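The listed protein sequences correspond, in order, to chains Z and E. For the first sequence, the positions run 6 to 230 when this note's numbering is used. For the second sequence, the positions run 6 to 230 when this note's numbering is used. Just so you know, even glycine gets a beta-carbon here, dropped at the ideal spot from N, CA and C. In this text the structure is predicted, and so the values were computed from the model without any measurement.
2 protein chains.
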Amino acid sequence: MTPVDRRVKILIVDDHNMVRQGIRYMLESNERKYKFQIEEASDGQEGVESAKRTDFDVIFMDYQLPILNGMEATSAILSAKPYSRILAISSSDEFMYIDNMMRSGAKGFILKNIGPEEIMGAVEAIISGKNYYSNDIAVKLISFEEGKVTMTRLVKLKRELTEILSSRELEVLKLIATEHTNEEIGNRLFVSKRTVDTHRQNLMRKLGVKNTAGLVKFALDLDIL
Amino acid sequence: MTPVDRRVKILIVDDHNMVRQGIRYMLESNERKYKFQIEEASDGQEGVESAKRTDFDVIFMDYQLPILNGMEATSAILSAKPYSRILAISSSDEFMYIDNMMRSGAKGFILKNIGPEEIMGAVEAIISGKNYYSNDIAVKLISFEEGKVTMTRLVKLKRELTEILSSRELEVLKLIATEHTNEEIGNRLFVSKRTVDTHRQNLMRKLGVKNTAGLVKFALDLDIL
DNA sequence: GCCTGACTCCGTATTAATACCTAGTTAATT
DNA sequence: AATTAACTAGGTATTAATACGGAGTCAGGC
Chain Z
6 MTPVDRRVKI LIVDDHNMVR QGIRYMLESN ERKYKFQIEE ASDGQEGVES AKRTDFDVIF
66 MDYQLPILNG MEATSAILSA KPYSRILAIS SSDEFMYIDN MMRSGAKGFI LKNIGPEEIM
126 GAVEAIISGK NYYSNDIAVK LISFEEGKVT MTRLVKLKRE LTEILSSREL EVLKLIATEH
186 TNEEIGNRLF VSKRTVDTHR QNLMRKLGVK NTAGLVKFAL DLDIL
Chain E
6 MTPVDRRVKI LIVDDHNMVR QGIRYMLESN ERKYKFQIEE ASDGQEGVES AKRTDFDVIF
66 MDYQLPILNG MEATSAILSA KPYSRILAIS SSDEFMYIDN MMRSGAKGFI LKNIGPEEIM
126 GAVEAIISGK NYYSNDIAVK LISFEEGKVT MTRLVKLKRE LTEILSSREL EVLKLIATEH
186 TNEEIGNRLF VSKRTVDTHR QNLMRKLGVK NTAGLVKFAL DLDIL
């Protein structure tokens, strides 16, 4: 991929015309480096249809959208074209939004207050197959402890939590995190405390922690209580 | 206090004119029920002076303010007029903001995205001597578990944490919450593991929890890691 | 029909945590 | 001088957690 003569196809899905024009303007200020072909969509449904019709290099996707929201539109696009690269945009840095979009398969998340340089940085990262996050987003996501759990890992873990852990294990984890002993949990769930012990072992192994403290931290950090 | 003929004196301290007008408009849409006298201030210093000059029923106080911030202004007003009822407003639901304002003596905390009904609910609650919190705020603060730890208790605990726990206990608590055993902690701090055990007992007693899980939850909820 | 994962349960053993008690030193306070 | 809180440490005992192994059932996918 040689940047200079590279034509980059962009789709902007956002219900605010002002935002679409803003992104377009910021992208086009870099026209010397790339040649952009930009399409727009003002609601989720329209975005999905555009994405099915054309192969875009990057799809900017707002979260709050009419008809289909950003999460639904992202899922729909990815189930039709799994290799689409979707960059979530939002004015809010609420963890829930971020997480929902990442779970839906977005490759990055940027805030609407970013400038032209950063928006190009995001586009270049996405094009070259990397993920991209606004600084504020990254800070929000990393904050685990001493860099042990990186953003990617935390996001990935939360996204795949229901794939990693069975529903029974989740149930046990919640009870552990709420100060119940194996025996109490066993009574509550009508199983032997040995069963609970096995779940506990599996939880520690799957989550890569050493003891109860680690399990509780995970439960709280991933907000599953 | 009979609502219908009650004159309610309001002070709005916020550096954004748009916010002040928004609150004013939302309040005045309830003029059939109350008669509002609204004053405005665009920075903390101005707010303090107004509050000293006049007795307001409710003072809306932003957090980020020029000259004196919301926390400082709140403290200043309360030291001059201890019975002032201050309602913190913020566009952010960061725990730190909330906690700082509550520590300064605010009677409530609302987000800027709330509507006219809720803003009236807040004002009525404050006037009648109650506290008021936006739903999202309440959720953030209460969320401990099954209502065992109420917001007031959580806020109070955080405020008085350094009074309740000694620095050594805090140190031990952090190490417990980061998956260290008593023996490891003892080695790290150059004391016997029995000493660590004693600290652990005292921590559980002081914090009213049953086991390691409870200690870890406290450490994370109060954000002391 | 076979295989796998989830869920269940047990045996055995060791280590860690919890409970309760006593008690010394030191520093600060009264 | 007496008291108190913090920090230290030990004794003793019980309970809980951790570790590792094996094993049966059951539902779903291949």
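Could you have a look at residue i and say whether DSSP puts it in helix, strand or coil?
{"i": "valine 177/Z", "result": "helix"}
{"i": "asparagine 216/Z", "result": "coil"}
{"i": "isoleucine 15/E", "result": "strand"}
{"i": "arginine 25/E", "result": "helix"}
{"i": "threonine 203/E", "result": "helix"}
{"i": "arginine 37/E", "result": "coil"}
{"i": "isoleucine 229/E", "result": "coil"}
{"i": "isoleucine 169/Z", "result": "helix"}
{"i": "leucine 208/E", "result": "helix"}
{"i": "isoleucine 147/E", "result": "Any reading at isoleucine 147/E needs caution, since the residue's pLDDT is 37, under 50, leaving its predicted position unreliable; the model's value is listed next. Residue state, collapsed to three classes: helix."}
{"i": "alanine 224/Z", "result": "helix"}
Just reading off the beta strand (DSSP E) that residue i is part of, what are its end residues?
{"i": "glycine 113/Z", "result": "113-116"}
{"i": "phenylalanine 65/E", "result": "63-67"}
{"i": "glutamate 45/E", "result": "40-46"}
{"i": "asparagine 94/E", "result": "In the sequence as presented, asparagine is not what sits at residue 94/E; that position holds isoleucine. That run of the beta strand (DSSP E) goes 91-95."}
Any idea if residue i is buried or exposed, counting beta-carbon neighbours within 10 angstroms, 16 or more meaning buried?
{"i": "serine 109/E", "result": "buried"}
{"i": "glycine 191/Z", "result": "buried"}
{"i": "asparagine 187/Z", "result": "buried"}
{"i": "methionine 66/E", "result": "buried"}
{"i": "valine 144/E", "result": "Reliability fails at valine 144/E, whose pLDDT of 42 lies under 50, so the model's placement of it is uncertain and no value is given."}
{"i": "alanine 85/E", "result": "exposed"}
{"i": "phenylalanine 195/Z", "result": "exposed"}
{"i": "tyrosine 30/Z", "result": "exposed"}
{"i": "aspartate 62/Z", "result": "buried"}
{"i": "arginine 58/E", "result": "exposed"}
{"i": "glutamate 151/Z", "result": "Summary for glutamate 151/Z: the model assigns pLDDT 27, below 50, so the residue's position carries little reliability; its value from the coordinates is reported in the next sentence. Glutamate 151/Z is exposed by the Cβ-count criterion."}
{"i": "glutamate 51/Z", "result": "buried"}
{"i": "arginine 193/Z", "result": "exposed"}
{"i": "glycine 49/E", "result": "buried"}
{"i": "asparagine 118/Z", "result": "exposed"}
{"i": "glutamate 36/Z", "result": "exposed"}
{"i": "serine 89/E", "result": "buried"}
{"i": "asparagine 105/Z", "result": "buried"}
{"i": "methionine 23/Z", "result": "exposed"}
{"i": "lysine 222/Z", "result": "buried"}
In this structure, what does DSSP give as the bridge partners for residue i?
{"i": "tyrosine 30/E", "result": "Paired residues: none, contrary to the question."}
{"i": "tyrosine 137/E", "result": "Gly113/E"}
Since residue i is in the alpha helix (DSSP H), which residue starts that stretch and which ends it?
{"i": "arginine 193/E", "result": "187-194"}
{"i": "serine 55/E", "result": "49-58"}
{"i": "glycine 75/Z", "result": "75-85"}
{"i": "glycine 126/E", "result": "121-132"}
Quiz item: If you measure beta-carbon to beta-carbon, which residues of the region 204-229 of chain Z are closer than 7 Å to chain E?
Solution: Val214, Lys215, Asn216, Thr217, Ala218, Gly219, Val221, Lys222 and Leu225
Exercise. Anything in the region 165-197 of chain Z with a Cβ closer than 7 Å to a Cβ of chain E? List those residues in chain order, please.
Key: Ile181, Ala182, Thr183 and Glu184
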